[in-house]
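Taken in order, the sequence shown gives residues -11 to 150; the numbers are from our numbering. Backbone N, C-alpha and C fix where the C-beta goes; we use that ideal spot for every residue, glycine too. All figures in this text were calculated on a predicted structure; none of them were measured in a lab. Structure, as structure tokens:
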Amino acid sequence: MKPETEKYSLRTALLSTMIAALTGLSGCRMGANDSSQYHDIDPDGWRYGDTLKYVFEPRDTAITGDLTLSLRHTNDYIYSNIFLEITVTDSVVTRRDTLDITLADDFGRWQGRGIGTDYQVSHVVARDLQLRRPVSIGVRHIMRDEVLNDVEQVGVSFVENK
């Protein structure tokens, strides 16, 4: 292949990739009242008393939507589930719930999606949840271990119903 043809092919491929990426990203725009936040867990482990805090200020005073919790763990996580306590506080009420999230089936196969040795699961905490700003969310593990290893990231997402 001639150098000019090679350069043209490379430039065309790069431009096509950029256009495809920008087109894909434009479809993923979050709404004004949507929020998605993640916390990295200390590589030394998630301590029993450590509560992860998420705060967001929706544009509208009152909103209704779905709250989802996502968790990323490694292949070395020793349990098939995780118990979490989630506390959602807005300007009117505080709600507390215990979640039992299944991470592996009865045969030890990890649920969710994974690349390499990392796996991510998402769990809908509440549908049609009504919130009034400001909103504060706390998440802590309530496993029997003082330090829970091999959990890498925990996130919460709120998507307003349209």
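Taking only three categories from DSSP, how would you classify residue i?
| i | result |
| --- | --- |
| G15 | The predicted model places G15 with a pLDDT of 48, which falls under 50 and marks its position as unreliable, so this point remains unresolved. |
| R132 | coil |
| R47 | coil |
| T39 | coil |
| I66 | coil |
| F95 | coil |
| D54 | strand |
| S124 | strand |
Over the uninterrupted beta strand (DSSP E) stretch that includes residue i, give me the two end residues.
| i | result |
| --- | --- |
| D85 | 82 to 90 |
| A114 | 106 to 120 |
| G102 | 101 to 103 |
| N69 | 69 to 77 |
| D28 | 23 to 28 |
| G143 | 139 to 148 |
I'd like to know whether the C-beta atoms of residue i and residue j end up nearer to each other than 9 Å.
| i | j | result |
| --- | --- | --- |
| L57 | H129 | no |
| S145 | R120 | no |
| D64 | D138 | yes |
| G53 | D116 | yes |
| G100 | L91 | yes |
| A114 | V76 | yes |
| E140 | T62 | yes |
| S24 | P46 | no |
| Y107 | R35 | no |
| V147 | L40 | no |
| I89 | I70 | yes |
Mind checking residue i: buried by the 16 CB within 10 Å criterion, or exposed?
| i | result |
| --- | --- |
| T105 | exposed |
| G96 | exposed |
| P122 | exposed |
| N149 | exposed |
| V109 | buried |
| V135 | exposed |
Taking residue i and residue j to be in contact with their CB atoms under 8 Å, please state how far apart those CB atoms are, rounded to whole angstroms.
| i | j | result |
| --- | --- | --- |
| I125 | Y42 | 4 Å |
| D85 | I74 | 5 Å |
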